[in-house]
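**Q**
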Amino acid sequence: HAQAKYFDVAMEYYEESLRLRTDVLGRNHFKVGKTLTHMAAVHYVQKDYKATKIICEDALAIFKHEKLSEDHPYMRELKHMMRKLDKKLSRLPGKQILEKSMR
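Quick note: the sequence shown uses my numbering, first residue 204, plus one each step.
#1: Pick helix, strand or coil for M305, following the three-state DSSP scheme.
#2: Please report the residue range of the alpha helix (DSSP H) in which G236 lies.
#3: Taking the alpha-carbon positions, what's the F266 to A213 distance?
#4: Here's the rule: buried if 16 or more other CB atoms are within 10 angstroms of the residue's CB, otherwise exposed. What is Y247?
#5: State the start and end residues of the unbroken alpha helix (DSSP H) segment that holds R294.
#6: Can you tell me whether K237 is buried or exposed, with buried defined as 16 or more other CB within 10 angstroms of its CB?
#7: Based on Cα-Cα distance, which residue from V245, M278, T255 lies nearest to M210?
This is the structure:
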């Protein structure tokens with residue numbers, strides 16, 4: 204329970220960071236994508252796989268818009284997260300994937 208509270212606090216900070224970065228830098232700035240990657244990591248740890256996937260896809264779209272190379276550290280971190288998610292989802296039975304991802 205205490206751990207969940209830390210994740211909630213982290214998410215509050217990430218949401219504020221996302222709001223500020225979007226306001227100042229614009230929705231498609233790579234730093235917005237970096238914040239989204241951190242938010243996806245929190246959702247992943249909380250087993251909210253649907254949110255993780257959606258946020259990762261948003262971050263990937265931003266990184267592609269910004270033309271980050273596949274070797275860029277932000278892109279590598281995001282791709283690693285997406286591989287972890289795909290691996291996790293492939294191990295879950297179909298019903299469990301839906302239950303976990305529909306939280």
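By construction, the Cβ of each residue, glycine as well, lies at the ideal position given by its N, Cα and C atoms.
**A** For this structure:
#1: Taking the sequence shown and counting its residues from 1, one reaches residue 305 at position 102. Note that M305 scores a pLDDT of 45, beneath 50, so its modelled location is shaky; the value from the coordinates is reported in the next line. Coil, per DSSP.
#2: In the sequence shown, the residue the question calls residue 236 occupies position 33. Segment 233-248, the alpha helix (DSSP H) holding G236.
#3: Within the sequence shown, numbered from 1, the residue matching residue 266 stands at position 63. Within the sequence shown, numbered from 1, the residue matching residue 213 stands at position 10. Spanning the two alpha carbons is a distance of roughly 23 Å.
#4: Indexing the sequence shown from 1 puts residue 247 at position 44. With 16 or more other Cβ atoms within 10 Å, it is buried.
#5: In the sequence shown, residue 294 corresponds to position 91, counting from 1. Its alpha helix (DSSP H) spans residues 276-294.
#6: The sequence position of residue 237 within the sequence shown is 34, counting from 1. So K237 ends up on the buried side.
#7: Translated into positions along the sequence shown, residue 210 becomes position 7. Correcting the residue identity first, residue 210 is Phe in this sequence and not Met. It is V245.
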